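Heads up: the sequence shown runs through residues 38 to 172, numbered per the numbering used here.
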Amino acid sequence: MTDVVIDASALIELLLATEIGGAVGAELRRLECRVLHAPGHVVAEAVQGLRGIAMGQADLSGPCERAATHLSGLPMRLWDTRPLIARMWQLRANISAYDAAYPALAEVTALPLITTDRRLARAVLGSSRCEVLAL
């Protein structure tokens, strides 16, 4: 049984039950993940991502609204980013501060990071000490 750190990209795919979200869900089941860990800003980042999808594709407005509603019911532990600041700063050359919180948290918790953001996955593999599950 292994919990994971999940980023907003993987969370959005999971919530919308996309094909990639199905792969995220399958990986979480394979790991027997019980709790998703994430920096606290993941909620705002996921809602913003869902908003962007809904604004760009009117036919997805309903599914995005339902996904946003389901977000609060997920088994998640949201972490304060203040203890992660030093590591986030060290990662600044390759990763935005928002994204750097994910590998920084994965390092601190010794949990794998699951993401569907290929650019983040590449950057993390080159500059972080955490395991990355890129889907």
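Every residue gets a Cβ at the ideal spot worked out from N, C-alpha and C, and that includes glycine.
Since the model is a prediction, treat every value here as computed from it, not as a measurement.
- prompt: Is it a yes or a no for the stretch 38 to 52 touching the stretch 72 to 86, going by three-plus beta-carbon pairs under 8 Å?
  reply: Counting Cβ pairs under 8 Å, three or more are found: they touch.
field: Segment limits, alpha helix (DSSP H) that includes methionine 92
entry: To locate residue 92, count along the sequence shown from 1; it is residue 55. Note, methionine 92: alpha helix (DSSP H), 79 to 93.
query: Is it right to say aspartate 117 is buried, meaning 16 or more other beta carbons lie within 10 angstroms of its own, or is it exposed?
result: The sequence position of residue 117 within the sequence shown is 80, counting from 1. The residue is exposed, with fewer than 16 neighbouring Cβ atoms inside 10 Å.
- request: Sort out for me which residues DSSP pairs proline 76 with in a bridge.
  value: Along the sequence shown, read from residue 1 onward, the residue named residue 76 stands at position 39. Answer by DSSP bridge pairing, in chain order: Trp116.
query: Just reading off the beta strand (DSSP E) that threonine 39 is part of, what are its end residues?
result: What you label residue 39 is simply residue 2 of the sequence shown in a count that begins at 1. Threonine 39 -> no beta strand (DSSP E), and no H or E assigned at all.
task: Any chance you could list the beta strand (DSSP E) runs of at least 3 consecutive residues sitting entirely within the stretch 111 to 171, in chain order?
output: 113 to 116, 150 to 152, 169 to 171
message: Between which two residues does the alpha helix (DSSP H) holding alanine 60 run?
response: Within the sequence shown, numbered from 1, the residue matching residue 60 stands at position 23. Looking at the DSSP string, the run of the alpha helix (DSSP H) that includes alanine 60 is 56 to 67.
field: Rounded separation between leucine 172 and proline 140 - CA only
entry: In the sequence shown, the residue the question calls residue 172 occupies position 135. In the sequence shown, the residue the question calls residue 140 occupies position 103. Approximately 16 Å, taken between the alpha carbons.
- request: Give every residue of the same chain whose Cβ lies closer than 7 Å to the Cβ of arginine 166, excluding the five residues on either side of it in the sequence, and list them in chain order.
  value: The sequence position of residue 166 within the sequence shown is 129, counting from 1. Counting only Cβ-Cβ distances below 7 Å, and skipping sequence neighbours, we find Glu144.
query: Is arginine 103 helix, strand or coil when you go by DSSP?
result: Working through the sequence shown from its first residue, we reach residue 103 at position 66. Looking at arginine 103 - three-state DSSP - the assignment turns out to be helix.
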